[in-house]
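Structure record follows, encoded as structure tokens.
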Amino acid sequence: MRALCWNGINDLRVETVADPELVNPRDVILKVLLTTTCGSDLHLLDGYIPTMRAGDVIGHEFIGEVVEVGADVKNVSRGDRVVVPSPVCCGNCWFCQHDQWSLCDNSNPNPELQEPVLGYPTAAIFGYSHAFGGYAGSHAQYMRIPYADVGCFKVPDGVSNEQALFLSDAAPTGFMGADFCDIKPGHVVAVWGAGGVGLMAMRSAYLLGAERVIAIDRFPERLAMARERVGAETINYAEVDSVLDVLKEMTGGRGPDACIDAVGMEAHGTGVEYAYDRVKQAVRLHTDRGEALRQAILACRKGGTLSILGVYGVMDKFPIGVIMNKGMTVRTAQQHGHKYLPRLLEHASRGELDPSFLITHRFSLEESPRGYDLFKHKQEGCVRAVFAP
Ligand SMILES: NC(=O)c1ccc[n+]([C@@H]2O[C@H](COP(=O)([O-])OP(=O)(O)OC[C@H]3O[C@@H](n4cnc5c(N)ncnc54)[C@H](O)[C@@H]3O)[C@@H](O)[C@H]2O)c1
Ligand SMILES: [Zn+2]
Ligand SMILES: [Zn+2]
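For the sequence shown, my numbering gives the first residue as 723, with consecutive numbering after it.
So, in structure tokens, the structure goes:
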């Protein structure tokens, strides 16, 4: 089959690789119908997630059709359209049983690559390095889904492929981020980053009852999506002197009740602090540029919640004292998609959640390197490039 392979930093090529096969009775084989780029893939392209190997098939946001079914999989059959969350989860361990799916104890066959850094291994993630399990990703014609009896969610007839696609990653991530905020009537939620994840966090904050949502980014087309598709108010951080001051003014001096970081380790910024982060990141003295996260911590109201969706590694100058003195709550995780999928599919069926507006570009799998190029450089207004293998 054909697949998009990572071959080194910013070196993606479509290659012919072996077809996947059923390995365990709980596996299914999917024919990938649609798959899309995610901000997390950019951290792979740019070389910030270690343990990638030449030839690894990337991609973790996808929808597919079941073509082969393992003997123990009873919930789906050949021909079903299914959406699958990006983490690989067993369904049986203590963490899966406690709805903390991305912390699954069983799905990562390479715990020794994570334990020295994290203390304990987490769930595997499709197409996301050997430290995260080494499973082949979704930018391919076919894909093996382990633990398919808990990982495959049937897409209802009224929900199109393009609507269901983002329920595998961007939508549950955004929803989890809003869920972490413990939103109460009257709450104001500010979201840094108006990419696929941030936009889904904004929509979810409204679904969970936020009174106002404020989006912070610098790309006018993304901020326009936040206003027009989600109903958020917006701040272009490149056009204001101080995001903190603007947020204070917008919230009667109190600050947003919750701040969601949907930017991650490759934040862009202005000023001295950004230059410092960039230099240290370039020489690999630390992995993260923390401009957005630091701003979110500073801007959050006292006693508020910081919800971190952006992917991070190691950061200098992390203002733990601000979090401590302001009595903030910090929540974060790789997304627990299995927990949220049933609810998100219901929202999609009822027409309350239609993430397909994120699609700005469509390509064949053969053209996917160009899709990544546009997505990475945010050219031609690219928010999500979708590939049809
Ligand atoms: N927790 C999870 O399970 C999970 C799942 C998916 C993605 N992610 C992470 O979420 C982050 C966002 O993903 P995405 O797909 O939306 O990426 P994206 O690259 O499409 O969007 C990131 C956005 O952040 C904006 N940004 C950069 N610097 C900023 C700053 N200083 N202030 C405000 N905005 C800034 C960019 O302009 C861009 O619009 C990434 O770090 C990704 O790895 C996490
Ligand atoms: Zn992702
Ligand atoms: Zn598990």
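A virtual CB, placed ideally from N, CA and C, is assigned to each residue, including glycine.
Exercise for the section: Report yes if the C-beta of residue 818 is less than 6 Å from at least one heavy atom of ligand 3; otherwise report no. Expected result: The residue given as residue 818 occupies position 96 in the sequence shown. Under cutoff, so the answer is yes.
Problem - Alpha carbon of residue 1109 to alpha carbon of residue 1050, nearest angstrom - result: By one-based count along the sequence shown, residue 1109 stands at place 387. By one-based count along the sequence shown, residue 1050 stands at place 328. Spanning the two alpha carbons is a distance of roughly 40 Å.
Handout entry: DSSP three-state assignment for residue 1182, whether helix, strand or coil
Key = Given that the chain is displayed from residue 723 to residue 1111, the structure contains no residue 1182 and the question cannot be resolved.
Practice task
Using only the heavy atoms of ligand 1, determine whether one of them is closer than 6 Å to the beta carbon of residue 939.
Solution key: Taking the sequence shown and counting its residues from 1, the one referred to as residue 939 is at position 217. Under cutoff, so the answer is yes.
Handout entry: Distance between residue 1009 and residue 878 (C-alpha atoms, nearest Å)
Key = Residue 878 sits at position 156 when you count from the first residue of the sequence shown. Residue 1009 sits at position 287 when you count from the first residue of the sequence shown. Whole-angstrom Cα-Cα distance: 41 Å.
Problem - Spatial distance of residue 987 from residue 1054 (CA atoms) - result: For the purposes of this step, residue 987 is taken as the residue at position 265 of the sequence shown. For the purposes of this step, residue 1054 is taken as the residue at position 332 of the sequence shown. Cα to Cα, residue 987 sits roughly 14 Å from residue 1054.
Exercise for the section: Please indicate yes or no: does the CB of residue 762 lie closer than 6 Å to some heavy atom of ligand 2? Expected result: Mapped onto the sequence shown, residue 762 falls at position 40. Yes.
Handout entry: Residue interval of the alpha helix (DSSP H) (run including residue 1090)
Key = On the sequence shown, position 368 is the one that residue 1090 refers to. Here the alpha helix (DSSP H) through residue 1090 covers 1090-1098.
Handout entry: Heavy atom of ligand 1 within 6 Å of residue 823 beta-carbon
Key = Within the sequence shown, the letter at position 101 stands for residue 823. Incorrect: residue 823 has no Cβ contact closer than 6 Å to ligand 1.
Problem - Backbone CA spacing between residue 801 and residue 863 [nearest angstrom] - result: Counted from its first residue, the sequence shown places residue 801 at position 79. Counted from its first residue, the sequence shown places residue 863 at position 141. If you take the alpha carbons of residue 801 and residue 863, they lie about 15 Å apart.
Practice task
Return yes when the Cβ of residue 900 is within less than 7 Å of the Cβ of residue 927, no when it is not.
Solution key: On the sequence shown, position 205 is the one that residue 927 refers to. On the sequence shown, position 178 is the one that residue 900 refers to. Yes, the pair counts as a contact, with Cβ atoms nearer than the cut-off.
Problem - Helix, strand or coil at residue 933 [DSSP, three-state] - result: The count along the sequence shown starts at 1 and reaches residue 933 at position 211. Collapsing the DSSP output to three states places residue 933 in coil.
Exercise for the section: With a cut-off of 8 Å on the beta carbons, I'd call residue 1035 and residue 985 a contact; round off their distance for me. Expected result: As a first step, residue 1035 must be located in the sequence shown, where it is residue number 313. As a first step, residue 985 must be located in the sequence shown, where it is residue number 263. For a cut-off of 8 Å, the C-beta gap from residue 1035 to residue 985 is around 14 Å, too long to register as a contact.
Practice task
Would you check if there are 3 or more beta carbon pairs closer than 8 Å linking the stretch 845-854 to the stretch 734-745?
Solution key: Counting C-beta pairs with one atom in each stretch, the stretch 845-854 and the stretch 734-745 have fewer than three that are closer than 8 Å, which means they do not touch.
Problem - Residue closest to residue 974, alpha-carbon to alpha-carbon, out of 909, 837, 1079 - result: Working through the sequence shown from its first residue, we reach residue 974 at position 252. It is 909 whose Cα lies nearest to the Cα of residue 974.
Problem - Counterpart residues of residue 746 in DSSP-defined beta bridges - result: Against the sequence shown, residue 746 aligns to sequence position 24. Residue 746 is bridged by DSSP to nothing; it lacks a bridge partner.
Exercise for the section: Please report the Cβ distance between residue 860 and residue 783, rounded to the nearest whole angstrom; I am assuming they are in contact, meaning their Cβ atoms lie under 8 Å. Expected result: Here residue 860 refers to the residue found at position 138 when the sequence shown is read from its first residue. Here residue 783 refers to the residue found at position 61 when the sequence shown is read from its first residue. Between residue 783 and residue 860 the Cβ distance is about 7 Å, and since that is below 8 Å, they are a contact.
Exercise for the section: Identify which residue in 907, 1086, 1003, 847 has its Cα closest to the Cα of residue 1058. Expected result: Against the sequence shown, residue 1058 aligns to sequence position 336. Looking at the Cα atoms, 847 is the closest of the given residues.
Handout entry: Inter-residue Cα distance where the pair is residue 866 and residue 727
Key = Residue 866 sits at position 144 when you count from the first residue of the sequence shown. Residue 727 sits at position 5 when you count from the first residue of the sequence shown. Rounded to whole angstroms, residue 866 to residue 727 spans 16 Å at the Cα level.
Practice task
Counting only the same chain and skipping the five closest in sequence on each side, list residues whose C-beta sits under 8 Å from that of residue 1102.
Solution key: Within the sequence shown, the letter at position 380 stands for residue 1102. Result list for residue 1102: 1082, 1083, 1096, in chain order.
Exercise for the section: Say whether the stretch 946-957 touches the stretch 1066-1075, bearing in mind that this needs 3 or more beta-carbon pairs closer than 8 Å, one atom from each stretch. Expected result: Pairwise C-beta distances place the stretch 946-957 out of contact with the stretch 1066-1075, as fewer than three of them are shorter than 8 Å.
Problem - Which of helix, strand or coil DSSP assigns to residue 758 - result: As a working note, residue 758 is residue 36 in the sequence shown. Residue 758: strand per DSSP, three-state reduction.
Handout entry: Alpha-carbon to alpha-carbon, residue 835 and residue 809
Key = Translated into positions along the sequence shown, residue 809 becomes position 87. Translated into positions along the sequence shown, residue 835 becomes position 113. For residue 809 and residue 835, the distance between alpha carbons rounds to 17 Å.
Handout entry: Bridge partner(s) assigned by DSSP for residue 727
Key = Start at 1 with the first residue of the sequence shown, and residue 727 comes out as number 5. 735, 779, per the DSSP bridge assignment.
Exercise for the section: Report yes if the CB atom of residue 1071 is closer than 7 Å to the CB atom of residue 880, and no otherwise. Expected result: Translated into positions along the sequence shown, residue 1071 becomes position 349. Translated into positions along the sequence shown, residue 880 becomes position 158. Result yes, Cβ atoms of residue 1071 and residue 880 sit closer than 7 Å.
Exercise for the section: Counting only the same chain and skipping the five closest in sequence on each side, list residues whose C-beta sits under 7 Å from that of residue 1037. Expected result: For the purposes of this step, residue 1037 is identified with residue 315 of the sequence shown, where counting begins at 1. Here the set comprises 1008, 1010, 1012.
Practice task
Compute the minimum distance between the beta carbon of residue 758 and the heavy atoms of ligand 1, and state whether it is under 6 Å.
Solution key: In the sequence shown, the residue the question calls residue 758 occupies position 36. Not so, every heavy atom of ligand 1 lies at least 6 Å from the Cβ.
Handout entry: Exposed unless 16 or more other CB atoms sit within 10 angstroms - verdict on residue 775
Key = What you label residue 775 is simply residue 53 of the sequence shown in a count that begins at 1. It is exposed - the Cβ of residue 775 has fewer than 16 other Cβ atoms within 10 Å.
Practice task
Give the straight-line distance between the Cα atoms of residue 1006 and residue 795, rounded to the nearest whole angstrom.
Solution key: For this step, residue 1006 is matched to residue 284 along the sequence shown. For this step, residue 795 is matched to residue 73 along the sequence shown. Approximately 44 Å, taken between the alpha carbons.
Practice task
May I have the straight-line CA-CA distance separating residue 998 from residue 1076, to the nearest angstrom?
Solution key: Numbered from 1 along the sequence shown, position 276 holds the residue referred to as residue 998. Numbered from 1 along the sequence shown, position 354 holds the residue referred to as residue 1076. Cα to Cα, the separation comes out at about 40 Å.
Handout entry: Pick from 963, 767, 759 that is closest to residue 729, judged by C-alpha positions
Key = Locating residue 729 in the sequence shown gives position 7, where the first residue counts as 1. Nearest C-alpha to residue 729: 767.
Exercise for the section: In the DSSP assignment, find the unbroken beta strand (DSSP E) run with residue 1109 in it and report its ends. Expected result: Here the question's residue 1109 lines up with position 387 in the sequence shown. Per DSSP, residue 1109 belongs to the beta strand (DSSP E) from 1106-1110.
Exercise for the section: Find out if the Cβ-Cβ distance for the pair residue 758, residue 1092 is shorter than 7 Å. Expected result: Position 36 of the sequence shown, counting from 1, holds the residue named residue 758. Position 370 of the sequence shown, counting from 1, holds the residue named residue 1092. It is not a contact, given that the beta carbons lie outside the stated cut-off.
Exercise for the section: With a threshold of 16 other CB atoms inside 10 Å of the CB of residue 1056, please say whether the residue is buried or exposed. Expected result: The count along the sequence shown starts at 1 and reaches residue 1056 at position 334. The residue is buried, with at least 16 neighbouring Cβ atoms inside 10 Å.
Problem - For residue 1015 and residue 1080, the rounded distance between their alpha carbons - result: Residue mapping note: residue 1080 aligns to position 358 of the sequence shown, counting from 1. Residue mapping note: residue 1015 aligns to position 293 of the sequence shown, counting from 1. If I take the Cα positions, the gap works out to 23 Å.
Handout entry: Where residue 883 sits in the DSSP three-state scheme
Key = The sequence position of residue 883 within the sequence shown is 161, counting from 1. Here residue 883 sits in helix by DSSP.
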